[in-house]
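Scroll down for the structure; my scribbles are underneath it.
Number of protein chains: 4
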Amino acid sequence: MMQFTQSSLNVGELATGQELSIPVYRVAAKDPSAPSVFVQANVHGAEVQGNAVIFQLMKQLERMDVRGEVTLLPLANPLGINQKSGEFTLGRFDPITGVNWNREYLEHSIDIPAFYQQHCHLDDVQLKQQFRLALLASCEVHLANPWGVTTGKRLAVTLQTLAHQADIVIDLHTGPKSCKHLYCPEYDRDSARFFSIPYSLIIPNDFGGAMDEAAFCPWWALVEHAASQGREMPVPVAAFTLELASQERIDMRDALVDAQGVLAYLSFRGVINEKVAPADMPRFGCLLKDYKKYHAPKGGLVEYLAQPGIPLKAGEPLANILRLDCYGTEDELTSLQLEQDCVPILHFASASVYQGTELYKLMTNVFEL
Amino acid sequence: MMQFTQSSLNVGELATGQELSIPVYRVAAKDPSAPSVFVQANVHGAEVQGNAVIFQLMKQLERMDVRGEVTLLPLANPLGINQKSGEFTLGRFDPITGVNWNREYLEHSIDIPAFYQQHCHLDDVQLKQQFRLALLASCEVHLANPWGVTTGKRLAVTLQTLAHQADIVIDLHTGPKSCKHLYCPEYDRDSARFFSIPYSLIIPNDFGGAMDEAAFCPWWALVEHAASQGREMPVPVAAFTLELASQERIDMRDALVDAQGVLAYLSFRGVINEKVAPADMPRFGCLLKDYKKYHAPKGGLVEYLAQPGIPLKAGEPLANILRLDCYGTEDELTSLQLEQDCVPILHFASASVYQGTELYKLMTNVFEL
Amino acid sequence: MMQFTQSSLNVGELATGQELSIPVYRVAAKDPSAPSVFVQANVHGAEVQGNAVIFQLMKQLERMDVRGEVTLLPLANPLGINQKSGEFTLGRFDPITGVNWNREYLEHSIDIPAFYQQHCHLDDVQLKQQFRLALLASCEVHLANPWGVTTGKRLAVTLQTLAHQADIVIDLHTGPKSCKHLYCPEYDRDSARFFSIPYSLIIPNDFGGAMDEAAFCPWWALVEHAASQGREMPVPVAAFTLELASQERIDMRDALVDAQGVLAYLSFRGVINEKVAPADMPRFGCLLKDYKKYHAPKGGLVEYLAQPGIPLKAGEPLANILRLDCYGTEDELTSLQLEQDCVPILHFASASVYQGTELYKLMTNVFEL
Amino acid sequence: MMQFTQSSLNVGELATGQELSIPVYRVAAKDPSAPSVFVQANVHGAEVQGNAVIFQLMKQLERMDVRGEVTLLPLANPLGINQKSGEFTLGRFDPITGVNWNREYLEHSIDIPAFYQQHCHLDDVQLKQQFRLALLASCEVHLANPWGVTTGKRLAVTLQTLAHQADIVIDLHTGPKSCKHLYCPEYDRDSARFFSIPYSLIIPNDFGGAMDEAAFCPWWALVEHAASQGREMPVPVAAFTLELASQERIDMRDALVDAQGVLAYLSFRGVINEKVAPADMPRFGCLLKDYKKYHAPKGGLVEYLAQPGIPLKAGEPLANILRLDCYGTEDELTSLQLEQDCVPILHFASASVYQGTELYKLMTNVFEL
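Protein chains in written order, with our numbering: chain A, 13 to 381; chain B, 13 to 381; chain C, 13 to 381; chain D, 13 to 381.
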């Protein structure tokens, strides 16, 4: 039975001096030509289910013939995970600055045309290697800033340094109250059929600060530039964010389902020798521009009627807003509907909202994948 | 159709000067001999379902022949309800002091033997009236403290002043992830069969700061003292806390079920003229001393296996604690069991816990009511 | 004595249904050619001193001959101001999303070359009027989004709508532990000599989401485009952010000092008829690119040695980091220095820090204004 | 030069599995008859200055002839210290439950008459030894509760177990914005003249959950019971809480001043061989019942005028409350006064308050010590 080696990644220091560290599990490559994989979980503190998926993944991989290097980082944000406020985990943003932990990854300022001009004589493998070195150097420079880096940037860029060394990057998140969905770059939409996930968001090449974007955007830009210079090459790095249903939930059995989905993809990519078939299920897609946020038109108490993952026809009830201060008027109970068909993907975690709270995220113009 | 009158109760002032106020709905007594009722909801900010029950109660009462005065206060803690921290409502305690909003009610320092000696010549009705006046005077003195009162005390004692004017006090709460349960004073355990609630905690005459205790403890003490002096009288005030399943949830249909339970009790007490039968369901009880808190024996991620409201045999799995930092050791996944039969009533809201977090509350030595 | 009229601006609704509203004080223009003024304070909840400055400003203006319209909004963020967490005001960012309240203003997507081409035949006054209408229309469209807008966006864009109607926009903030400083757009650096503020940051035309930028960036862009087309015109709108020393502080006497500075500027601009001389004091500037953030190189307890506003030579002690867990080693007490001369402008509010916490903000390459 | 040994005390576990531990510095007793000392600091997360005092104390003790055992625990609440909310440390209460970290110590349920009856034949030294064992056994039983103990209870009772082993217990705290003051049990008021602290609260034998009370209350009760049985003995344990001015402040020089005060007391008690004279300064006292909390009579912005530690005559200005929403009315600026002479000891940390916020704590009926 294969064994993962365990090590520890230092990502910061608390006020008491306690080290912030992340457990790192790794198995080395048997076959240097097999892709390498980086999986992390729980960068948002309340989004714990990814850890269970990593656990099940390790249990499965132990029995498999693993060809490529696999690096797994559960509990990837110790500060965020341990930060409670009331009964819940306040782990979506840095408690001091408010910055979303998943918007801290580094946007490299590499001049891609200049880089390409300098390295275009190399073959694909060498070009990839040189570009990877450039990305790693950029991370290193950022972390060595003589004025220091913020707590969140240190965490993110340290994780990014590991991610840039892999060919496949998988970031495990969850929504608040959510069905499973996947963020998938447009160039890689065929890969969505391997994961055990019914809904995929097809995303363009815009950097917004998230890990998946940090992993694939520079490569995609490089490939597009090369194409503009007449050289065709596939994007050498694949990166996905898996949203594993709701936060504040551990479900070991469901974790196994998602671990199987990841294995199906790794099998397809040749990371493992075993054949793992993807789950047989319908899968749907939506362009990111058609992914809508619906905000509460008024403050009040919310009865969420539309269930995440269940298609909702135009005019069907989405939610009720109850207003006890308006009892006896027409505002006492407001029924909310939408004017177009959609699939609600997630809704807000709390049943009481301010005006403007993001109530639902919904896919519109959904298509079969 | 009967109409509730609406007024507004001032309970404080925010830093911007905005008034904290609570909507008050009231119908006057038709029959002065019918008991009067006070119902409040949402003193803990995240426990919103009681508002929906009040809403359904009003909709039902509108069509009924209401004999006794009914006073309803939804949204009874505007500061707590509007206090978010991350996606959830941080409404269990004062954000400044940490004091639980439901531990702020006033423990009166009335000398009951002296009061009784002075008033024992009165008949039961007059005695009740005098004691009520003493309770109200005690509240008034407390609120008029020349050094001021805390934010939480002002809220609580203002609510208490209204509650003391009623014969029946109902405080609507919820648990975190919870089945429905009722706090019922021992002297009133026969009343538990009216509410649509399967599990009742039978509580003794100990003041712990909660509304129900604030409402009944002084009366119970008075009645016990009278008994020690040879005069038997029933406890003139009934007070219950209803825990309406989980927090952060509005369910209008389920609110109707609980409104029916309240109406069944009010029907029995003659507050309404209509006959409303209680729901036909098994009901169980547990003494407060047998209500146990189970604390996490270690930190980690929790898979809650035992469902609130479903009896659990000794040795059956309660929960798993997943520890990704201990992968490969016997601590990677710890199964928790209890050594005795119980009914889990509620569990913690979050799936990640520190060592010592209250994981479950469980009834032991459960009996049929 | 002149009277301000008071009205109220609705900016949202809480979960209880309570309206979020801002008091608006206004005096109408006597002279339509005099510039109009918009002043707001306390968009960050803990930054209260601006309210005191508005108070003193009103007390002064009451006795003056005010020519231009003046609109004053104290307490401009009722949600942020009332949001406590522990003893302090958690008012820097939306407690739900983490978004900084001062990064929510709208970046207009007006196509300036197209606008200019369409309106270049107008004279300066008319051109200004048309552009203002375009900005207001853009705000209106944003607020009318059928999918709704976030709580923070509604607040910000509602404030922005008022600000766009003024020729002079003043946003009153404070730092954490801070000396007074001013954000001043490069084109307007001569105006810095009017305020009672020793240090000015000279900022370029980059929109970062703040109110001052929201107010001047589109105008500056318009003027630059006109210049590129051969038409010279001054930037018609002036906008400043005043940082009035430290947060969580009300000082009525010091507020009068800053009110005098604002009046000196308004006097210079002809908003008031009275001559108000600026305070006689040295004033210094620093380009935004030379404004440095120094992050804690390690976690620990911090003794802040360098005082805000007092120049610090290279090598002089900035702060100590105390590490009780390292007692007896060379890490027990670390003295921090910088390698270049600077003026510390502000430091972090708390004496205990994580690694990476922003310890100080410092001006380097400071010049006399 | 004497060396402290360092060890580590485990007090819990975070959700990531990270151990919560406290550094423990200790020097063994040279002279078994010399009293033993326990000093802890920073049980409230924002109250950091006690760590600096422990640091200076260690630096001084290194050079001294220490006779009794000295145990020092800085950073005594790692969970509270590392818990930020916004820029400040949210360290006054458990973020999940709201329970004040300094109200968690165990009230022993030892039947003192029964204990005394059983052990009254022993001499004072033996009696003390037996009672100490009883206290330690009580702690041990509490920690071994099969249903577990809360996070805060585990921390507190673990600290208490160490404290019960000492003859002198010193708990280092601070106020919010505060002058130095001391909590001193009535039986020990003569000891107040050793510390470098001008104001002392003389406290009775009532257990309220704090460390000092946990340390001395059972002993005081034992001694009083013995006295009632005709046996006079001094209270064998001394316990003090030192409030070292304001929270969120590290001042190494001032820490030395307070370390000298502690050394003066230890010198007097014979813990160290050196003579250390107490600071020559006036010292005042106040009975706990005369220590008043003044609550904000309205919400608003607060200008704190009375300085902690400076006596305030009746009728002199205490604070102003500024209400911008009331501009132009008599409520725009309210001056607050008290009707009796007092010494303000501390005030609230924030400049904006709800109605009812505790604005000031003040000593009345102050006397010279």
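Every residue, glycine too, gets a C-beta built ideally from N, C-alpha and C.
Contacts of residue i in chain B (Cβ-Cβ under 8 Å)
i	result
Arg115 of chain A	Neighbours of Arg115 of chain A on chain B: none; closest Cβ ~16 Å, over 8 Å.
Val161 of chain D	His307, Gly368
Val365 of chain D	Ala27
Phe67 of chain A	Leu334, Leu336, Tyr339, Glu344, Leu345
Residue burial classification, residue i (beta-carbon count within 10 angstroms, cutoff 16)
i	result
Gly367 of chain C	In the sequence under discussion, the amino acid at residue 367 of chain C is Gln, which differs from the Gly named in the question. Buried: at least 16 other Cβ atoms inside 10 Å.
Pro86 of chain B	buried
Ala58 of chain C	buried
Trp113 of chain B	buried
Met13 of chain D	exposed
Phe207 of chain B	buried
Trp231 of chain D	buried
Cys229 of chain A	buried
Thr163 of chain D	buried
Ala168 of chain D	buried
Alpha carbon of residue i to alpha carbon of residue j, nearest angstrom
i	j	result
Cys338 of chain B	Gln18 of chain A	10 Å
Val365 of chain D	Leu330 of chain D	15 Å
Gln142 of chain A	His131 of chain A	8 Å
Arg104 of chain A	Asn54 of chain A	10 Å
Lys305 of chain C	Ala250 of chain C	27 Å
Leu256 of chain A	Ala308 of chain B	25 Å
Thr346 of chain B	Val288 of chain A	29 Å
Short CB-CB distance (under 7 Å) between residue i and chain B
i	result
Asn63 of chain A	yes
Ser362 of chain A	yes
Val235 of chain D	no
Min CB distance residue i to chain D below 7 Å
i	result
Met264 of chain C	yes
Asp337 of chain C	yes
Lys301 of chain B	no
Pro230 of chain A	no
Leu85 of chain C	no
Asn112 of chain B	yes
Below-7 Å beta-carbon distance, residue i vs any chain C residue
i	result
Leu8 of chain D	No answer is possible for residue 8 of chain D: it lies beyond the span of chain D, which begins at 13 and ends at 381.
Pro356 of chain D	no
Contacts of residue i in chain D (Cβ-Cβ under 8 Å)
i	result
Leu313 of chain C	Val60, Asn63, Ala64, Ile262
Lys304 of chain B	Trp159
Phe143 of chain C	Near Phe143 of chain C there are no residues of chain D at all, since even the closest Cβ is about 32 Å away, more than 8 Å.
CB contact check: residue i to chain A, cutoff 7 Å
i	result
Leu184 of chain B	no
Val55 of chain C	no
Lys310 of chain C	yes
7 Å Cβ cut-off: residues of chain B touching residue i
i	result
Pro90 of chain C	Thr28, Gln30
Partner residues on chain A for residue i, Cβ-Cβ distance less than 7 Å
i	result
Met70 of chain B	Tyr339
Under 7 Å from the C-beta of residue i: neighbouring residues of chain C
i	result
Pro188 of chain D	Glu99
Under 9 Å by beta carbon: chain C residues contacting residue i
i	result
Tyr37 of chain D	Leu336, Tyr339, Gly340
Chain B contact residues for residue i, given Cβ-Cβ distances below 9 Å
i	result
Asn377 of chain A	In chain order: nothing, as chain B lies at least about 28 Å away.
**Request:** Below 7 Å between beta carbons is the criterion; list the residues of the segment 15 to 34 of chain B that meet it against any residue of chain D, in chain order.
**Result:** Cβ contacts with chain D: Gly24, Glu25, Leu26, Ala27, Thr28, Gly29.
**Prompt:** Which residues, taken in chain order from the segment 94 to 109 of chain B, show a beta carbon closer than 7 Å to some beta carbon of chain D?
**Reply:** Taken in chain order, the members of the segment 94 to 109 of chain B whose beta-carbon sits within less than 7 Å of a beta-carbon on chain D are Arg104, Phe105, Ile108.
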